[in-house]
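Asks: Numbered according to numbering that gives the first Met the number 0, the sequence shown spans residues 0 to 218.
I'd like to ask some things about the structure below.
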Amino acid sequence: MKKILARLAQGDSDEGFTSYNNLGNHQGTHVTTVGRNFKLGSFTLIVESVIAEGGFGVVFRVVSQHGHTYALKRTCVNNSHDLAVCKREITIVSSLSHKNILRYVDSKITDIQPGIHEALLLTAYYPGSLSQLINERKQHQRFTEAEVLRIFSDICEAVCRLHHCKTPIIHRDLKIENILIDERNNFILCDFGSATSRVLHPGVHGISRCEEEISRYTT
Numbered sequence: 000m001k002k003i004l005a006r007l008a009q010g011d012s013d014e015g016f017t018s019y020n021n022l023g024n025h026q027g028t029h030v031t032t033v034g035r036n037f038k039l040g041s042f043t044l045i046v047e048s049v050i051a052e053g054g055f056g057v058v059f060r061v062v063s064q065h066g067h068t069y070a071l072k073r074t075c076v077n078n079s080h081d082l083a084v085c086k087r088e089i090t091i092v093s094s095l096s097h098k099n100i101l102r103y104v105d106s107k108i109t110d111i112q113p114g115i116h117e118a119l120l121l122t123a124y125y126p127g128s129l130s131q132l133i134n135e136r137k138q139h140q141r142f143t144e145a146e147v148l149r150i151f152s153d154i155c156e157a158v159c160r161l162h163h164c165k166t167p168i169i170h171r172d173l174k175i176e177n178i179l180i181d182e183r184n185n186f187i188l189c190d191f192g193s194a195t196s197r198v199l200h201p202g203v204h205g206i207s208r209c210e211e212e213i214s215r216y217t218t
């Protein structure tokens, strides 16, 4: 990721791509991108803040020209395998509709430079997260049994929806950091970057390949 963005640090593209040094300041290591514009379909999006950063990209909180708030995941890749992962995530998220699953809004993939691709995934914005809630409650009170069951039930419903698709989907990255909270206190499963519908069988694909797949993509 750093190598990709370093190649682009010399200037911005017409598609709204910004250099790595301007990606945002979630951990205090980058210059903020507050006020930057992204064009996505009929949306003109202005960056308000950085929500999170990962190995391949950044998630921004953005506001549209109509004043609606969204989350924008921006990923940059430089090889066909990672590009396929981005496309798969977009395909999966755009095909799902459930109260406990991240809501898809729009997306696009752009060739920024030869061999470098930018993927934008626009979704609903959720004001809270389970990890944040856990940290807050540590200081005050423990979760009640009813609260724990509510969280568990919501995520089970989300996973059930994935597993009951015509072609079942495996999330593979279930953890508290990937559970958001909406305005109605529903718990929302997010981050489908590791999700897949492919099933490997040790007898067919070999134990080593299955172990590598699990180690690389499964939490």
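The beta-carbon is built from N, C-alpha and C at its ideal position, and this holds for glycine as well.
All values reported here derive from a predicted model rather than from experimental measurement.
Could you check what DSSP says for Thr28 in three-state terms: helix, strand or coil?
Replies: Because Thr28 sits at a pLDDT of 38, beneath the cut-off of 50, its placement in the model cannot be relied upon, and the point is left open.
Asks: What is the rounded straight-line gap between the Cα of Glu176 and the Cα of Gln112?
Replies: Each residue's Cα considered, the two are about 32 Å apart.
Asks: Looking only at C-alpha atoms, which of Arg160, His80 and Ile50 sits nearest to Leu95?
Replies: It is Arg160.
Asks: List the DSSP bridge partners of Asp110.
Replies: Asp110 is bridged to His116.
Asks: Which class does Asn36 belong to by DSSP, given the choice of helix, strand or coil?
Replies: Correct three-state label for Asn36: strand.
Asks: Please say whether Ser128 and Ile178 have beta carbons closer to each other than 8 Å?
Replies: Their beta carbons are under 8 Å apart, which means Ile178 touches Ser128 by this criterion.
Asks: Among Gly40, Asn36 and Leu121, which has the Cα closest to the Cα of Glu47?
Replies: Nearest C-alpha to Glu47: Asn36.
Asks: Which residues in the same chain have their Cβ closer than 7 Å to the Cβ of Ser285, if we skip the five residues on either side of it in sequence?
Replies: With the chain running from 0 to 218 in the structure shown, residue 285 is simply not present.
Asks: So, helix, strand or coil for Gly127, using DSSP?
Replies: Strand at Gly127.
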